[in-house]
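Q:
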Amino acid sequence: MGFSINASLLDAMVLSIVQKNDTYGYEITQYLQKAVDISESTLYPVLRRLQKGEMLETYDKEFMGRNRRYYRITPHGVTSLDEYREEWRNHKKKIDNILMNEGAENHEQT
Amino acid sequence: MNKLEFLTRLRNRLENGGMPADDINDALTYYEEVFLDAGFGKEEETAASLGSPENIAVDLLRESGLNVDPAPSMPPQMNNPQPNFGQFAYQGAYAAAAQPVKQRSTGLTVLMVLLAIFSSPIWVPILIAVVAVLFSLIIAAISIVFALFASAIGMLFAGFFCLFEAPAIGLMFLGISLFLGGLIILITKPVFSAVIPAFGNAIKKFFNWLMGLFKKGEKTNE
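Structure (structure tokens):
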């Protein structure tokens, strides 16, 4: 059971996770797996895409004798995330109108 | 499949697909990290959850717009908003999927040279004009200083000659020549104070370098 998640929704969720605090690939996957069935292999192209679009940048930080690649959101990423959130709000409202009959109820009430 | 096997297979497949070395290293760093973060004894499990390295490689190659053997001449995925290369290099990569990295870069340099040659009617005259203007400015500056210098000397001589026949005029000439001398020093001082120490430093560095060579030589001789 589950609804498929498209690329831009994934982008938006990853941006949102990284915005909270800088984090690394494995942790992002763990976070996403709370909501969607996703593997590290699905996440990698997403991270690459966001990096190429200059919404995320990376830096290496030492962790137990090795380097771990951390991701950080850029100002451009923050504006994109705002746009994604606005879009999601609209999208959700429209879906809810149909799926949850929310629009119809509103009509009856008024 | 353990970590090493997974990473080796992924690397081989990406290299065969002609992905640039930087991108391959980036991907391998990511996957290696996934293995390390998942935990030491969980390599098999992690590899299983990641899927086959061949499939991952195919997806990555397709995403970066490179040719993929199992699905020949497959267009890149539509949901990729930013292709990795410009349109041009991108087609080049298609044509030369077997050895694309080297061929693409030489192809690009050839194109750059051609572009430089074809656009030369525009940039050559501009370059010449810029150089000529700079050159004339330098010459003008030098000639102004030289003119000041020449008139200072002229005034000095004139002053001395006039001093006995018309002392007032002679003194005035001498005064003007001293004034010009001061002006020259004022103008050229920054040049000298910048150029001469720079020259001195260069000589010093050169000798230090020479000494370094000898010291090194001694060490290797020992």
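From first to last, the protein sequence lines are chains L and V. Counting in this note's numbering, the first sequence runs from -16 upward without gaps. Counting in this note's numbering, the second sequence runs from 607 upward without gaps. Glycine included, C-beta positions come from ideal geometry on N, C-alpha and C.
(1) In three-state DSSP terms, what is leucine -7 (chain L)?
(2) Just checking: is the beta-carbon of glutamate 660 (chain V) within a distance shorter than 8 angstroms of some beta-carbon in chain L?
(3) Checking the sheet assignment: what are the DSSP bridge partners for aspartate 43 (chain L)?
(4) Taking DSSP as the reference, what is the three-state secondary structure of threonine 6 (chain L)?
(5) Give the secondary structure of lysine 17 (chain L) by DSSP, where H, G and I count as helix, E and B as strand, and everything else as coil.
(6) Apart from the five residues just before and just after alanine 701 (chain V), which ones in its own chain have a Cβ nearer than 7 angstroms to its Cβ?
(7) With distances taken between CB atoms, is the gap from arginine 55 (chain L) to aspartate 43 (chain L) smaller than 8 angstroms?
(8) Should the region 762 to 781 of chain V be regarded as contacting the region 796 to 808 of chain V, the criterion being three or more beta carbon pairs within less than 8 angstroms?
(9) Enumerate in chain order the residues of its own chain whose CB-to-CB distance from threonine 715 (chain V) is below 7 angstroms, with the five nearest sequence positions on each side excluded.
(10) Determine the chain V residues that contact serine 22 (chain L) at a beta-carbon separation under 8 angstroms, and present them in chain order.
(11) List, in chain order, every chain V residue whose beta-carbon is nearer than 8 angstroms to that of tyrosine 9 (chain L).
(12) Since glutamate 830 (chain V) and asparagine 608 (chain V) should fall inside the 8 angstroms C-beta cutoff, what is the C-beta to C-beta distance between them, to a whole number of angstroms?
(13) With DSSP collapsed to three states, give me the class of isoleucine -12 (chain L).
(14) Is any beta-carbon of chain V found at less than 8 angstroms from that of tyrosine 14 (chain L)?
A: Taking the definition as stated:
(1) For the purposes of this step, residue -7 (chain L) is taken as the residue at position 10 of the first sequence. Collapsing the DSSP output to three states places leucine -7 (chain L) in a helix.
(2) To locate residue 660 (chain V), count along the second sequence from 1; it is residue 54. Not closer than 8 angstroms to any Cβ of chain L, the Cβ of glutamate 660 (chain V) fails to qualify, so no.
(3) To locate residue 43 (chain L), count along the first sequence from 1; it is residue 60. BP columns for aspartate 43 (chain L) point to L:Arg52.
(4) The residue given as residue 6 (chain L) occupies position 23 in the first sequence. In the structure shown, threonine 6 (chain L) sits in a strand (DSSP, three-state: E or B).
(5) The residue you call residue 17 (chain L) lines up with position 34 of the first sequence. Coil, per DSSP.
(6) For the purposes of this step, residue 701 (chain V) is identified with residue 95 of the second sequence, where counting begins at 1. Low confidence applies to alanine 701 (chain V): its pLDDT is 45, below 50, so where it sits in the model is not reliable enough to give any reading.
(7) Stepping through the first sequence from its first residue, residue 55 (chain L) is reached at position 72. Stepping through the first sequence from its first residue, residue 43 (chain L) is reached at position 60. In this structure, aspartate 43 (chain L) does not lie closer than 8 angstroms to arginine 55 (chain L) by Cβ.
(8) No: the two stretches stay apart, fewer than three of their Cβ pairs being nearer than 8 angstroms.
(9) Locating residue 715 (chain V) in the second sequence gives position 109, counting from the first residue. Hits under 7 angstroms: none found.
(10) In the first sequence, residue 22 (chain L) corresponds to position 39, counting from 1. Result: Ser655, Leu656 and Gly657.
(11) The residue labelled residue 9 (chain L) in the question sits at position 26 within the first sequence. Glu639, Val640, Asp643 and Ala644, listed in chain order.
(12) The shown model of chain V, from 607 to 828, leaves out residue 830 (chain V), and the question about it has no answer.
(13) Position 5 of the first sequence, counted from the first residue, corresponds to residue -12 (chain L). The answer is coil: DSSP assigns isoleucine -12 (chain L) none of H, G, I, E or B.
(14) What you label residue 14 (chain L) is simply residue 31 of the first sequence in a count that begins at 1. No, tyrosine 14 (chain L) lies away from the interface with chain V (no Cβ there is under 8 angstroms from its Cβ).
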